[in-house]
Amino acid sequence: MPKFSANISVLFKEYSFMKRFEKAAAHGFKAVEIQFPYSIEKEQILEKLESNKLELILHNLPSGKNITDKGIACHPSRINEFQESVFKAIEYAKYLKCTQLNCLSGIREVNTSKKISLETLISNLQFATHELEKEKIKLLIEPINYFDMPGFFLNTTEEGKAIIQSVKSKNLFLQYDIYHMQIMEGNIIQTIKSNLNLIQHIQFADNPGRNEPGTGELNFQYIFNQLDQMGYHGWVGAEYNPSVNTAKSLNWFEMIN
Numbered sequence: 117m118p119k120f121s122a123n124i125s126v127l128f129k130e131y132s133f134m135k136r137f138e139k140a141a142a143h144g145f146k147a148v149e150i151q152f153p154y155s156i157e158k159e160q161i162l163e164k165l166e167s168n169k170l171e172l173i174l175h176n177l178p179s180g181k182n183i184t185d186k187g188i189a190c191h192p193s194r195i196n197e198f199q200e201s202v203f204k205a206i207e208y209a210k211y212l213k214c215t216q217l218n219c220l221s222g223i224r225e226v227n228t229s230k231k232i233s234l235e236t237l238i239s240n241l242q243f244a245t246h247e248l249e250k251e252k253i254k255l256l257i258e259p260i261n262y263f264d265m266p267g268f269f270l271n272t273t274e275e276g277k278a279i280i281q282s283v284k285s286k287n288l289f290l291q292y293d294i295y296h297m298q299i300m301e302g303n304i305i306q307t308i309k310s311n312l313n314l315i316q317h318i319q320f321a322d323n324p325g326r327n328e329p330g331t332g333e334l335n336f337q338y339i340f341n342q343l344d345q346m347g348y349h350g351w352v353g354a355e356y357n358p359s360v361n362t363a364k365s366l367n368w369f370e371m372i373n
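For the sequence shown, position 211 matches number 327 in the numbering used here, and the numbering has no gaps at all.
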């Protein structure tokens, strides 16, 4: 079976954030992900990671200073802010020994063409990959479905591949979210297999609903077995909204451990 990480931004929300590290470890996880750790002092996070023998394997770049921001990497009016966010992410990642960061492309700015947005995104990713490579940190980009997030700039695996090719950096990879890509394109196993060299991290939730495995249409036992068979060696992140309390939602994890 793959290596599973718990995204504690969405799992164990029955508890305070700082308590979720302990709960993840108690349920058998060896690693966690955090969407945006920046509201908490990095020293506090490190203490929780170390005391619970957990590895932080992923967090996002800051998504923007406005509460409604979903990423600013494609925003030509906010290039300076994006560059500042890269250095903030590096500060946290280095201290927390996190070796990969996810960059949200963002929702296209009003009155900005797709061409200009794409050029901005490529330029920003070139800047970010260069800075992260100095620190031996990988950069990921994540396609997200436009039904849950209307206007999001990056929506499919093929779009992600094209952007990676345009950036021309060996330090840029795909974060493949099974939930988002089931909605956008389906054909999960073949798509992962065809892009295994570019996929650095996988996340999952069932569809519809974005809940735990077993609540929707996806056969996760088959998917997880196929990840093993195709030789995927990265982490697989549980990033779903439990339909029951988190402990009860982990039947899928208990069955394969």
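Virtual Cβ for every residue (Gly too), placed ideally from N, Cα, C.
Check                                                                                                                           : Outcome
Segments of 4+ residues assigned as alpha helix (DSSP H) that fall wholly inside the stretch 295-319                            : 304-310
Simplified DSSP state of I223, which is helix, strand or coil                                                                   : strand
Bridge partner(s) assigned by DSSP for N341                                                                                     : BP columns for N341 are empty, so no partner.
Span separating the alpha-carbon of Q199 from that of A189                                                                      : 9 Å
Under the three-state DSSP convention, the category A354 falls into                                                             : strand
CB of T236 within 7 Å of CB of P192, strictly                                                                                   : yes
Cβ neighbour criterion (16 or more within 10 Å) applied to N218                                                                 : buried
For Y292, the residue or residues it bridges with in DSSP                                                                       : I318
Buried/exposed call for D293, threshold 16 Cβ in 10 Å                                                                           : buried
Beta-carbon separation (whole angstroms), L334 vs Q291, contact threshold 8 Å                                                   : Not a contact, Cβ separation roughly 18 Å.
Reduced DSSP category for V148 - H, G, I as helix; E, B as strand; rest coil                                                    : strand
H349 burial status per 10 Å Cβ neighbour count (16 or more: buried)                                                             : exposed
Counted within 10 angstroms of its Cβ, other Cβ atoms place N271 as buried (16 or more) or exposed                              : buried
Separation of L241 from Q216, as counted between CA atoms                                                                       : 14 Å
Close beta carbons around R136, own chain, < 6 Å, minus the five adjacent residues each side                                    : I124 and F128
For L241, the three-state DSSP class (helix, strand or coil)                                                                    : helix
Contacts around P329, its chain only, beta-carbon distance under 7 Å, and the 5 residues preceding and following it disregarded : D322, F336 and W368
Expected contact under 8 Å - CB spacing of S121 and G353 to nearest Å                                                           : 5 Å
Residue environment, K62, which counts as buried when at least 16 other CB atoms sit within 10 Å                                : In the structure as shown, the chain begins at 117 and stops at 373. Residue 62 is therefore absent and cannot be evaluated.
Residues sharing a beta bridge with L234, DSSP                                                                                  : Bridge partners of L234: none, in fact.
For R224 and K230, the rounded distance between their alpha carbons                                                             : 8 Å
Cutoff 8 Å; reference E275; Cβ partners in own chain excluding five residues on either side                                     : P259
Candidates I195, C214 and N227: closest to Q151 by CA position                                                                  : C214
Per DSSP, the bridge partner or partners of I257                                                                                : C219 and L290
DSSP state of F268 mapped onto helix, strand, coil                                                                              : strand
Secondary structure of A140, DSSP reduced to three states                                                                       : helix
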